[in-house]
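Student:
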Amino acid sequence: MVRLNLKLTASNETVSYNHLHRLTGFLHHRVGENELHDDLSLYSFGWLEGGQGAEDGDGLAFPLEIKEQEAPAFNGSHRFKTDGAPVIARRYREDGSREYLLSGEHPEAAAAVMTRVLRRKLAAAGYGEEHTESVAVQFDEMYSHARDKVATVKGTDHKGSICPVVVEGTPEAVQFAWTVGAGELTGSGFGALK
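With my numbering, letter number 182 in the sequence shown gets 182, and the count goes up by one each step, no holes.
Below is the structure:
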């Protein structure tokens with residue numbers, strides 16, 4: 001598992017506030033042809049940080065370095081903050097539509113979805129049952145500043161929670177969560193953990 005930190009150079013173009021689909025496209029373009037694009041994302045990426053409001057008020061401007069970030073050692077439980085992007089958890093309704101499960105409204109259902117997703121990712125990455133069966137993810141219900149956030153990707157609004165998550169399991173499973181993120185749509189810029 002690898003975690004990279006990117007430092008961006010200044011650009012002549014401003015970056016739109018709704019930049020997630022462009023960032024996703026850029027990352028997939030750099031990775032090249034692969035079968036990962038529409039599959040289970042065994043990675044996550046955070047939102048761009050450190051930008052200044054552009055002079056025209058239309059987006060962000062940024063002040064190229066790529067540096068591998070060493071994975072910290074985790075114990076069997078860790079509370080992660082998000083990188084500012086919402087954590088997405090959804091379930092199907094009877095009519096086939098999807099319901100967004102927010103930290104303050106459906107914490108148990110959201111925990112079940114986040115746990116199921118992380119277990120699937122662990123299994124897909126080759127981790128055995130001692131890791132997949134013992135891991136659990138939930139929103140930190142003691143956090144009093146949780147809020148909802150809507151982010152738009154290619155015209156679709158996604159609603160999630162800005163709230164720390166608690167991951168419990170083997171140290172390897174907790175470290176894996178730190179790398180791949182929490183919840184759904186981690187390959188589209190949601191659920192990155194720090």
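Yeah, the Cβ is synthetic: ideal placement off N, Cα and C, and Gly gets one too.
The structure displayed is predicted, hence computed values, not measured ones.
Is it a yes or a no for the segment 184-194 touching the segment 74-88, going by three-plus beta-carbon pairs under 8 Å?
Tutor: yes
Student: Based on Cα-Cα distance, which residue from 102, 95, 83, 80 lies nearest to residue 147?
Tutor: 102
Student: Quick check: what's the CA-CA separation for residue 115 versus residue 138?
Tutor: 8 Å
Student: Where DSSP assigns a beta bridge to residue 175, which residues make up the other side?
Tutor: Residue 175 pairs with nothing; no bridge assigned.
Student: For residue 76, count neighbouring Cβ atoms within 10 angstroms of its own Cβ and tell me buried if that reaches 16, exposed if not.
Tutor: exposed
Student: Select from 68, 157, 152, 183 the residue whose C-alpha is nearest the C-alpha of residue 166.
Tutor: Comparing alpha carbon positions, the residue from 68, 157, 152, 183 closest to residue 166 is 183.
Student: So, with DSSP's three-state summary, where would you put residue 121?
Tutor: helix
Student: Cutting at 8 Å between CB atoms, please list the residues of its own chain near residue 80, excluding the five before and the five after it.
Tutor: Excluding residues within five positions, the ones whose Cβ falls inside 8 Å are 164, 165, 166, 167, 177, 178, 182, 193, 194.
Student: Using CA coordinates, which residue listed in 171, 155, 119, 187 is at the minimum distance from residue 73?
Tutor: 171
Student: What does residue 82 pair with, by DSSP beta-bridge criteria?
Tutor: 193
Student: Can you tell me the Cα-Cα spacing of residue 69 and residue 99, whole angstroms?
Tutor: Between the alpha carbons of residue 69 and residue 99 lies a gap of roughly 35 Å.
Student: Taking the alpha-carbon positions, what's the residue 174 to residue 71 distance?
Tutor: Taken atom to atom, the span from the alpha-carbon of residue 174 to that of residue 71 is near 11 Å.
Student: Helix or strand or just coil, what does DSSP make of residue 182?
Tutor: coil
Student: Within the continuous alpha helix (DSSP H) that includes residue 145, where are the two ends?
Tutor: That residue, residue 145, is in no alpha helix (DSSP H); it is neither H nor E in DSSP.
Student: Out of 150, 169, 109, which one is the CA nearest neighbour of residue 127?
Tutor: 169
Student: Using DSSP with H/G/I as helix, E/B as strand and the rest coil, what is residue 161?
Tutor: When secondary structure is reduced to three states using DSSP, residue 161 falls in the strand class.
Student: Out of 83, 141, 121, which one is the CA nearest neighbour of residue 108?
Tutor: 141
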